[in-house]
C-alpha cells in the first residue's frame, strides 16, 4: 500500500493523495522555502482503516492502528526524522485549505509527540474529521466535499519546531479590499495566537513589503516551546520585560512579508501563512489560500443593510440562500457579501414622507427618526 510519502517529494498534483496542507508544504520545500522536514501518512492508510466514508456527517467507530502501518511509520521516523525525540503530528484533509473552504482550526494538530504516543496521535488526527467544530462547519453549508470523492484524511509527521516566536502573515489584508500585507506575531508557539490566548503584535506592510506601521500589544502569555516545564503547564505568563516588547524588528517583519509575497506568486493567489522562529532560524509551517477576503465594493448607489434579514441570519447567506431570497423578495436592492442591502433612493421614493438620506436610513434600520416628518403626497400609495 502507498502509505508513506516524504514531504520533499510532494507537489500540488498530490492533493488527492496527501491533502492540501501536505501538498502545499511539499511544493514549498521543492521551491526552496525552509519547511520542517518530515513525511506524510497518505489517505490510503485512512481508507484502509475506515473503508469508504461517504457521509461526512456520521462519525464512525474509532479504529486501532494496524501493525503493518505502525511498522511503516516507525521506519519512516528513522529514515526522515532520525533522532528526533518529539515530533509534530498534523491533519491534512483532502477538503481543507482549499479556495472554497479552509476548515482552519477545525482539525487537530499535536505538538511534542514522543514516538511511543504517535499511534494515538495519528488516530486522533483522523477522528478530528468529525470534531464538533468540523461537523458544525459542514452542517452550516460553509463547506462540502465538492470533488464528489469520499471524505479522507492524511497525517503529516514533522520535525517539531520549539518556536521562540511565531505568528501568521496574510499576503493581502483578509478583512478589507486593501492590498496591504498584515502580519501578527507573539512569543512562543503560534498556538497562543490561533487559540485566542493572546493579543498579538500587529504590523501592516505595503504591497511591496515595506513596513508601514507596527503596533505593539500587551502579550500577557505564551504557549511554552517545550513539552514540559517547571510547573507542567504549557500556557505561561510572560515576564514583564517581554509583555510590551516588539516580537519582530523591521528587518524581520519585511523578510516575512517578502516570503508571503513569494508564496502568493507560487500558489497564484493571496495566502495565509504560518511561520515560526527557533532562535534566529525562520521556518514556514503552512500556506493556504485566503478564503474570506472582502471584495472591493462594486456599487455607486447609496445602500442600507436590510435589518430584518440580517438579524434573523447571523451568518452571511450562502450563494444558494442568496438566490432563493433574490427570487422571493421584491427588487429593492442588491446582494453583497451574503447580505441584502436596500437602495436608499428607491426606498425614499416609495415612502410617504419627505426624508433626508439620514432619516431614510434610520427608518430602514427600524430606529427612531430625528426631526419632523412631513407627508409627501406624491409618494403616497392610492
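Residue numbers (the working numbering): 402 to 783. Glycine included, each C-beta is placed from N, C-alpha and C at the ideal position. What you are looking at is a predicted structure, and each value in this text was computed from that prediction instead of being measured.
(request) May I have the straight-line CA-CA distance separating residue 409 from residue 673, to the nearest angstrom? (result) Against the chain shown, residue 409 aligns to sequence position 8. Against the chain shown, residue 673 aligns to sequence position 272. One C-alpha to the other measures close to 21 Å.
(message) Within a Cβ cutoff of 6 Å, which residues of the same chain sit near residue 703, ignoring the five residues on either side of it in sequence?
(response) As a working note, residue 703 is residue 302 in the chain shown. Once the five neighbours on either side are set aside, the close Cβ partners of residue 703 are 745.
(request) Starting from the N-terminal side, write out each stretch of the beta strand (DSSP E) that is 3 residues or longer and does not extend beyond the segment 414 to 491. (result) 439 to 442
(request) Report the option in 480, 433, 425, 671 whose CA atom is closest to the CA atom of residue 578. (result) What you label residue 578 is simply residue 177 of the chain shown in a count that begins at 1. With distances taken between Cα atoms, residue 578 lies closest to 671.
(request) Pick helix, strand or coil for residue 563, following the three-state DSSP scheme. (result) By one-based count along the chain shown, residue 563 stands at place 162. If DSSP states are grouped into helix, strand and coil, residue 563 belongs with coil.
(request) Taking residue 512 and residue 489 to be in contact with their CB atoms under 8 Å, please state how far apart those CB atoms are, rounded to whole angstroms. (result) In the chain shown, counting from the first residue as 1, residue 512 sits at position 111. In the chain shown, counting from the first residue as 1, residue 489 sits at position 88. Indeed they touch by this definition, with Cβ atoms about 5 Å apart.
(message) If I follow the unbroken beta strand (DSSP E) through residue 706, where does it start and stop?
(response) For the purposes of this step, residue 706 is taken as residue 305 along the chain shown, with counting starting at 1. First-last of the beta strand (DSSP E) with residue 706: 704 to 706.
(request) Taking only the alpha-carbon atoms, compute the straight-line gap between residue 596 and residue 558 and give it to the nearest angstrom. (result) In the chain shown, the residue the question calls residue 596 occupies position 195. In the chain shown, the residue the question calls residue 558 occupies position 157. The straight-line gap from Cα to Cα measures roughly 21 Å.
(message) Once DSSP output is grouped into helix, strand and coil, what is the label at residue 506?
(response) Translated into the one-based positions of the chain shown, residue 506 becomes position 105. Caution applies to residue 506, whose pLDDT of 49 falls short of 50 and renders its modelled position unreliable; the value that the coordinates give is listed next. Note: residue 506 maps to coil in three-state DSSP.
(request) Compute the minimum distance between the beta carbon of residue 470 and the heavy atoms of the ligand NAD, and state whether it is under 8 Å. (result) The ligand NAD is not part of this structure, which contains no ligands at all.
(message) Assuming contact is defined by CB atoms lying nearer than 9 Å, are residue 564 and residue 604 in contact in what I supplied?
(response) For this step, residue 564 is matched to residue 163 along the chain shown. For this step, residue 604 is matched to residue 203 along the chain shown. No. Outside cutoff.
(message) Mapping the DSSP letters down to three states, classify residue 691 as helix, strand or coil.
(response) One-based indexing of the chain shown puts residue 691 at position 290. Correct three-state label for residue 691: coil.
(request) Let me know the secondary structure DSSP gives residue 650 once reduced to three states. (result) The residue you call residue 650 lines up with position 249 of the chain shown. Coil, per DSSP.
(request) Look at residue 662 and residue 610 and say whether their C-beta atoms are less than 9 Å apart. (result) Working through the chain shown from its first residue, we reach residue 662 at position 261. Working through the chain shown from its first residue, we reach residue 610 at position 209. A contact, by the Cβ cut-off of 9 Å.
(message) Applying the 10 Å Cβ sphere with the 16-neighbour rule, what's the burial state of residue 586?
(response) Reading the chain shown from its first residue, position 185 is the one you call residue 586. The residue is buried, with at least 16 neighbouring Cβ atoms inside 10 Å.
(request) Output yes or no for whether 9 Å exceeds the beta carbon distance between residue 454 and residue 553. (result) Taking the first residue of the chain shown as 1, we reach residue 454 at position 53. Taking the first residue of the chain shown as 1, we reach residue 553 at position 152. Their beta carbons are under 9 Å apart, which means residue 454 touches residue 553 by this criterion.
(request) Using alpha carbons as the reference points, say which of 491, 709, 580 lies closest to residue 521. (result) Counting from one through the chain shown, the residue named residue 521 turns up at place 120. Here the closest residue by C-alpha is 491.
(request) Determine the closest residue to residue 768 out of 709, 742, 733, with distance taken between C-alpha atoms. (result) Reading the chain shown from its first residue, position 367 is the one you call residue 768. It is 709.
(request) Spatial neighbours of residue 345 within its chain, please: CB distance less than 8 Å, with the 5 preceding and 5 following residues excluded, ordered by chain position. (result) The structure shown has nothing for residue 345, since the chain only spans 402 to 783.
(message) Please list the terminal residues of the continuous alpha helix (DSSP H) segment that includes residue 642.
(response) As a working mapping, residue 642 is identified with position 241 in the chain shown. 641 to 644 is the extent of the alpha helix (DSSP H) around residue 642.
(message) Quick check on the burial criterion: 16 or more other C-beta atoms within 10 angstroms. Buried or exposed for residue 594?
(response) As a working mapping, residue 594 is identified with position 193 in the chain shown. So residue 594 ends up on the buried side.
(message) DSSP has residue 659 in a bridge; who is on the other side?
(response) As a first step, residue 659 is located in the chain shown; it is residue number 258 there, counting from the start. Answer is none; residue 659 lacks a bridge partner.
(message) With a threshold of 6 Å on Cβ separation, who are the neighbours of residue 529 within its own chain once the five nearest residues in sequence on each side are excluded?
(response) Mapped onto the chain shown, residue 529 falls at position 128. Taken in chain order, the residues that qualify are 492, 508, 509.
(request) Please go through the same chain and pick out, in chain order, the residues whose beta-carbon is closer than 8 Å to the beta-carbon of residue 412, but skip the five residues on each side of it. (result) Taking the first residue of the chain shown as 1, we reach residue 412 at position 11. 424, 427, 428, 431.
(message) Assuming residue 626 is part of the alpha helix (DSSP H), what are its boundary residues?
(response) Taking the chain shown and counting its residues from 1, the one referred to as residue 626 is at position 225. Looking at the DSSP string, residue 626 is not in any alpha helix (DSSP H), and its letter there is neither H nor E.
(request) Using beta-carbon positions only, say whether residue 526 and residue 570 come within less than 9 Å of one another. (result) Residue 526 sits at position 125 when you count from the first residue of the chain shown. Residue 570 sits at position 169 when you count from the first residue of the chain shown. The answer is no: Cβ separation not under 9 Å.
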